[in-house]
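What follows is a set of notes on a single structure, which appears directly below.
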Amino acid sequence: MERTRFITHRDTRILVVDFSGIEELDELAREGERVSLVIRAEPPDSLRLLIDFTGVPYNLRVVRVLAEIAEGNADHVRARAMVGIPQTALPSVRAVSEYTRRPAEAFADRDAALEWLVLQ
117 MERTRFITHR
127 DTRILVVDFS
137 GIEELDELAR
147 EGERVSLVIR
157 AEPPDSLRLL
167 IDFTGVPYNL
177 RVVRVLAEIA
187 EGNADHVRAR
197 AMVGIPQTAL
207 PSVRAVSEYT
217 RRPAEAFADR
227 DAALEWLVLQ
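Numbered according to this note's numbering, the sequence shown spans residues 117 to 236.
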């Protein structure tokens, strides 16, 4: 299954990253490294990301892995929209936004996330 792909929404290029259903930390880290290769091949401040975390367990180890990925890719990302985030993880979303100095928002569904991304 291809988890990373570019789409166009309202004439805006968006990188869709589908982490949904990944339950093992090692698999999440491996997929994160694959995504990082795609992101770092793009110009600075150019990418709008839609990331789907549906079914990914929320715990400190997962947050740590994802924070490392976000930090390493920050220069290439313009904005991050996330779906599938539990309410308890919303403070982590705000922390990623502050730490990377890039907008990051959580949404209930992909359509709302895509609409927000085109405005960024």
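For every residue, glycine included, the Cβ atom is placed at its ideal position computed from N, Cα and C.
Check, Outcome
"Quick check for students: name the residue ranges of the beta strand (DSSP E) that lie wholly in the stretch 185-213, counting only runs of 3 or more.", "193-199"
"Just verifying my parser: in three-state terms, what is the DSSP assignment at valine 133?", "strand"
"Can you grab the Cα-Cα spacing for the pair alanine 222 / glutamate 143, in whole Å?", "23 angstroms"
"Report all residues from its chain with a CB closer than 8 angstroms to the CB of arginine 119; omit the five preceding and five following residues, and keep chain order.", "Val133, Asp134, Phe135, Glu147, Arg150 and Val151"
"Taking the Cβ atom as the reference point for each residue, do valine 234 and arginine 126 lie within a distance shorter than 9 angstroms?", "yes"
"Work out the CA separation of alanine 220 and valine 179 for me, nearest whole Å.", "15 angstroms"
"Under the DSSP definition of a beta bridge, which residues are partnered with arginine 226?", "Beta-bridge pairing links arginine 226 to no other residue."
"Would you kindly work out how many angstroms separate the C-alpha atoms of aspartate 161 and valine 199, rounded to a whole number?", "21 angstroms"
"Rounding to the nearest angstrom, what Cα-Cα distance links asparagine 189 and alanine 197 in this structure?", "15 angstroms"
"With a threshold of 16 other CB atoms inside 10 Å of the CB of aspartate 168, please say whether the residue is buried or exposed.", "buried"
"Hey, out of Tyr215, Leu182 and Val154, whose CA is closest to proline 173's CA?", "Leu182"
"Look up leucine 166 in the DSSP assignment and say whether it is helix, strand or coil.", "strand"
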